[in-house]
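See structure below.
Number of protein chains: 2
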Amino acid sequence: MNVFYIPSADTGLTVLPEEESKHCVKVLRMKEGDRFCVTNGAGYLFDAVLVDALPKRAGIELSNKRAGYDQWGFQLEIAVAPTKLNERMEWFLEKATEIGIDRVRLFTSFHSERRAANVERFQKVMVAAMKQSMKSRLPVVEELVSFEKLLKQPFEGRKFIAWIDGSVTSQLCDVYRKGENAIVLIGPEGDFSREEAELAMTQGFEPVSLGDARLRTETAALVACHTVQLINQMR
Amino acid sequence: MNVFYIPSADTGLTVLPEEESKHCVKVLRMKEGDRFCVTNGAGYLFDAVLVDALPKRAGIELSNKRAGYDQWGFQLEIAVAPTKLNERMEWFLEKATEIGIDRVRLFTSFHSERRAANVERFQKVMVAAMKQSMKSRLPVVEELVSFEKLLKQPFEGRKFIAWIDGSVTSQLCDVYRKGENAIVLIGPEGDFSREEAELAMTQGFEPVSLGDARLRTETAALVACHTVQLINQMR
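First to last, the sequence lines map onto chains A and B. Taking this note's numbering, the leading residue of the first sequence gets 136, the next gets one more, and so forth. Taking this note's numbering, the leading residue of the second sequence gets 136, the next gets one more, and so forth.
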């Protein structure tokens with residue numbers, strides 16, 4: 136089933152955005168009367184039918200508005216230092232969208248090898264993943280900020296920092312409790328500096344381990360995301 | 136710390152395989168006396184020192200033989216239908232190696248879009264991931280076989296099939312018990328056919344869900360792998 140994205144779409148007659156129209160009419164060669172699915176990225180899915188096959192502004196009719204399956208009763212955010220290789224970051228964003236995440240925050244850190252991020256490109260990766268996995272909610276990617284600025288951003292819930300330090304004994308999977316809002320900070324290749332980790336702790340972040348395995352930055356970010364989702368999934 | 140791979144290495148004087156020698160002497164420009172780490176892919180790590188900087192057969196001395204941190208008391212295998220895009224399969228193999236897996240089995244299935252696999256290439260991806268994540272054990276990738284043949288292969292432990300069917304109510308994270316050997320079958324894009332799923336069940340495979348999220352094949356394979364590792368990691 137093809138899925139199209141129309142921000143804040145609602146039931147009734149509307150048009151597909153230009154890019155989506157092109158994809159629908161030119162690429163997929165859909166004809167009037169063809170049916171597909173629409174997500175509004177804000178929690179709802181719709182049945183859609185093409186009523187006017189214009190290549191730049193395809194007219195469609197939306198019906199059967201329903202909440203998506205991707206509703207969870209908690210807020211899950213991962214804050215990560217962008218990896219040196221962009222493709223690894225984009226891979227994380229795609230997989231986190233599939234598994235389920237609310238927001239990704241980006242920060243630069245003492246050991247960061249990358250100090251710029253194409254947030255628009257990152258958001259596009261998440262839109263594609265949302266459509267592919269038939270999600271109704273589009274995760275948000277925040278602009279890149281300094282680590283100090285990140286720590287000052289408000290967050291209502293458990294705050295964790297995944298820190299690769301021998302002295303960190305509590306594991307995320309043991310201290311996180313089902314239903315809690317959570318944000319997990321994931322450091323760059325080379326990890327957080329001790330000063331950064333200690334600063335985070337003074338701001339209320341609990342140091343946690345993700346286990347014994349030595350994980351790449353993007354793998355650690357995904358493991359943290361799946362750990363929280365899995366604990367909430369368990370009966 | 137640089138890690139090199141010498142199959143079945145042991146303490147004492149030895150030489151690096153040709154490719155590893157080239158990487159050590161030509162690429163990394165190591166000099167006699169330089170130190171690094173060696174994994175034998177069979178559970179052990181060693182301290183190593185370069186004693187003879189030959190570009191094709193570098194002489195090294197191994198000491199301090201020790202078991203790697205990647206020892207778990209159970210067998211974890213994922214059997215997966217190779218994805219249409221090879222890079223998605225290679226991504227899964229890299230990440231599964233980082234997170235921890237013993238064996239990957241490959242099979243063709245009714246809905247498989249890819250019916251060939253470069254196992255040698257896949258194994259190389261896992262060698263690179265093993266070295267990068269300082270693992271002491273190299274996961275095995277088996278040759279591609281038919282689904283019917285796969286089901287006949289012996290396995291001592293819990294056997295699961297991740298089947299996307301509304302009637303499947305038990306989740307892997309609820310039915311898998313810490314310490315159990317487990318193999319999880321992951322279907323291709325398009326999932327298993329009903330006949331395949333039913334055939335697997337007659338062979339003792341328990342149908343399980345990985346949750347509500349609609350996951351790509353390679354994501355489902357990684358989620359199954361991490362689910363088993365996480366349950367074993369919990370205190």
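Every residue gets a Cβ at the ideal spot worked out from N, C-alpha and C, and that includes glycine. Because the structure is a prediction, the values reported are computed rather than measured.
Under a Cβ-count criterion, where at least 16 other Cβ atoms within 10 Å of its own Cβ denotes burial, should residue i be classed as buried or exposed?
| i | result |
| --- | --- |
| B:MET136 | exposed |
| A:GLU283 | exposed |
| A:LYS270 | buried |
| B:ARG272 | buried |
| B:GLY176 | buried |
| B:TYR230 | Checking the displayed sequence, the identity of residue 230 of chain B turns out to be Lys instead of Tyr. Under this definition B:LYS230 is a buried residue. |
| A:SER344 | buried |
| A:THR218 | buried |
| B:GLU153 | exposed |
| A:LYS287 | exposed |
| A:GLU353 | buried |
| A:LEU148 | exposed |
| B:GLY235 | buried |
| A:ARG240 | buried |
| A:GLY322 | buried |
| A:ARG293 | buried |
| A:SER143 | exposed |
| B:SER281 | exposed |
Quick one: list the residues of chain B neighbouring residue i, beta-carbon separation under 8 Å, in chain order.
| i | result |
| --- | --- |
| A:SER302 | Per Cβ cutoff of 8 Å: no residues; A:SER302 is ~16 Å from chain B at best. |
| A:GLN306 | GLN368, MET369, ARG370 |
Quick check: the Cα distance between residue i and residue j, rounded to an integer number of angstroms?
| i | j | result |
| --- | --- | --- |
| A:GLY346 | B:GLY301 | 33 Å |
| A:PHE257 | A:ARG170 | 29 Å |
| A:LYS266 | A:GLY203 | 12 Å |
| B:GLU167 | B:LYS161 | 13 Å |
| A:PRO289 | A:GLY339 | 11 Å |
| A:CYS308 | A:ARG351 | 18 Å |
| A:ALA355 | B:GLY178 | 23 Å |
| A:ILE141 | B:VAL173 | 53 Å |
| A:ASP237 | A:LEU228 | 11 Å |
| B:ASP184 | B:ARG250 | It is worth fixing the name first, because residue 184 of chain B is Val in this sequence and not Asp. Roughly 44 Å separates the two Cα atoms. |
| B:THR232 | A:LEU320 | 23 Å |
| A:LEU180 | B:ILE296 | 29 Å |
| B:PRO264 | A:VAL150 | The amino acid at residue 264 of chain B is misidentified as Pro; the sequence shows Ala. Cα to Cα, B:ALA264 sits roughly 47 Å from A:VAL150. |
| A:MET369 | B:ASN367 | 14 Å |
| B:VAL260 | A:ALA216 | 25 Å |
| B:VAL208 | A:ARG349 | Here the sequence assigns Gly to residue 208 of chain B, which means Val is not the residue at that position. Those two C-alpha atoms are separated by around 18 Å. |
| B:ASP187 | B:SER156 | 10 Å |
| B:ASP205 | A:LEU189 | 57 Å |
| B:ALA317 | A:ASN199 | 41 Å |
| A:TRP374 | A:THR337 | Residue numbering for chain A in the displayed model covers 136 to 370; residue 374 of chain A lies beyond these limits and cannot be assessed. |
| B:GLU291 | B:PHE327 | 23 Å |
| A:PRO342 | B:VAL138 | 28 Å |
| A:ALA335 | B:LEU285 | 49 Å |
| B:VAL262 | B:VAL254 | 12 Å |
| A:GLY314 | B:ALA252 | 42 Å |
| B:MET165 | B:TYR311 | 47 Å |
| A:ASP182 | A:LEU163 | 17 Å |
| A:LEU220 | B:LEU220 | 20 Å |
| A:ARG201 | A:GLU324 | 42 Å |
| A:ILE195 | A:SER268 | 22 Å |
Rounded C-beta distance between residue i and residue j? I'm assuming under 8 Å.
| i | j | result |
| --- | --- | --- |
| B:THR146 | B:LEU211 | In fact, because the Cβ distance is near 29 Å, the residues do not count as touching under 8 Å. |
| B:CYS159 | B:ALA214 | With a Cβ gap of about 36 Å, B:CYS159 and B:ALA214 do not count as contacting. |
| A:LEU365 | B:LEU357 | The Cβ separation is near 12 Å, so there is no contact. |
Could you work out which residues of chain B lie near residue i, taking near to mean beta carbons separated by less than 9 Å?
| i | result |
| --- | --- |
| A:HIS361 | LEU357, VAL358, HIS361, THR362, LEU365 |
| A:TRP298 | Ordered by position in chain B, no residue passes the 9 Å Cβ test against A:TRP298, which lies about 17 Å from the chain. |
| A:ASP309 | GLN368, MET369, ARG370 |
Which residues of chain A have a Cβ atom closer than 8 Å to the Cβ of residue i, listed in chain order?
| i | result |
| --- | --- |
| B:ARG351 | GLU233, GLN267, SER268 |
| B:LYS230 | THR354, LEU357 |
In chain B, what lies closer than 7 Å to residue i by C-beta?
| i | result |
| --- | --- |
| A:GLY346 | GLN368 |
Along chain A, in chain order, which residues have C-beta atoms closer than 7 Å to that of residue i?
| i | result |
| --- | --- |
| B:TYR204 | ASP347 |
Three or more C-beta pairs under 8 Å: does that hold for the stretch 271-286 of chain A against the stretch 353-369 of chain A? no
Are at least three pairs of beta-carbons, each pair with one atom in the stretch 240-256 of chain A and one in the stretch 317-333 of chain A, less than 8 Å apart? yes
With a threshold of 8 Å, are at least 3 pairs of Cβ atoms found where one atom belongs to the stretch 215-227 of chain B and the other to the stretch 292-309 of chain B? no
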